[in-house]
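Since the structure comes first, as structure tokens, the remarks are kept for the end.
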Amino acid sequence: KFLAPVMFMLFSGMDVVGYWITDFQRGTIYHYEWWAGWIEYSSSLTSIFWAPQNTIPGWMAAAFFLSRPNAKQFVVAAPLFLMACVLWSPFVALGVVVLMLCMLNKEIFDAVMLDVPGAVLVAIIAGLLAYYVTFDSVSIPRSFVWNNPCLKSAIGEPCFSVLGYVEFVVLEVLCIAAVAFSLKDTRTWLTFAACSVLLLLPFVQVGLYNDIAMSSSRPSLAVL
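Residues in the sequence shown are numbered consecutively from 783, following my numbering.
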């Protein structure tokens, strides 16, 4: 029980393999997560060291979803996680929302219907928070990756390409997902949702350093 948290914190995926392929890194020495040049999925240690405000809420939400909450627990706790994520990191909140939607079922819907005023209040608060954190956000760079294939922030950096995308998702997502799907677990649907998020995120760029990919991926990476 002590080894699992240590492995989770120190696990860095296959970034070093990607670095061997592209021979590119950004920033400090041995910071291999930027090997693809145009996108980064941060390791656990990098996430908690450089962006704890983004990482902790995403990890907490992922741990909650993995705990198999019943309908009552979900209705009570999930909105709190979402609102906390919206305040701490709107991009992380986007990743959490997708996983939340994948958990919805008839039991959860029935539980929400038992407390309609509470659900309306949560929706209003969430809407106000969303408006607050997105106010004056039009100045943030955003595009589809094929419209802006290079971040243009470092000399000689690799840019987006079909081959680059395939290399990225194979090393960062599919190798780990293959191990996860091979395990006999009743949470396969959650793993599938996490993989879907991680496979689709690279097609959207938001922020100077593609911040949406770095932040919104954290809950799904924690699930894997």
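Just so it is clear, CB atoms sit at the ideal spot from N, CA and C, and this is done for glycine as well.
Using the three-state DSSP reduction, which class does Gln807 fall into: helix, strand or coil? coil
Is it true that the segment 831 to 839 meets the segment 968 to 979, where meeting means three or more beta-carbon pairs spaced less than 8 Å apart? no
For Arg1000, does the three-state DSSP call read helix, strand or coil? helix
Just to confirm my understanding: we take Trp870, look at its own chain, exclude 5 residues before and 5 after, and list those with CB closer than 6 Å. What are they? Gln835, Pro839
From Val857, Glu939, Ser925, residue whose alpha carbon lies closest to that of Val902: Val857
Hey, quick one: how far does the beta strand (DSSP E) through Ser943 stretch, first residue to last? Taken as a continuous stretch (DSSP letters only), Ser943 belongs to no beta strand (DSSP E), as it is neither H nor E.
In terms of residues, what are the limits of the beta strand (DSSP E) holding Val952? Careful: Val952 lies outside any beta strand (DSSP E) and carries neither H nor E.
For Leu881, count neighbouring Cβ atoms within 10 angstroms of its own Cβ and tell me buried if that reaches 16, exposed if not. buried
Would Ala995 be called buried (16 or more neighbouring beta carbons within 10 Å of its own) or exposed? buried
Residue range of the alpha helix (DSSP H) that includes Ser829: 826 to 832
Can the beta-carbon of Pro923 be found less than 7 Å from the beta-carbon of Thr804? no
For a test of the three-state rule: what should DSSP assign to Ala925, helix, strand or coil? Ala is not the amino acid found at residue 925; the sequence shown has Ser there. Residue state, collapsed to three classes: strand.
At the level of alpha carbons, what is the spacing between Ser925 and Pro931? 10 Å
Pick from Cys867, Val879, Leu886, Ala845 that is closest to Ala853, judged by C-alpha positions: Leu886
Asn992: buried (16+ other C-beta within 10 angstroms of its C-beta) or exposed? buried
Cβ-Cβ distance between Ala976 and Val1005 below 7 Å: yes
Taking 8 Å as the limit between beta carbons, can you name the residues of its chain near Ala845, skipping five residues before and five after? Ala1004
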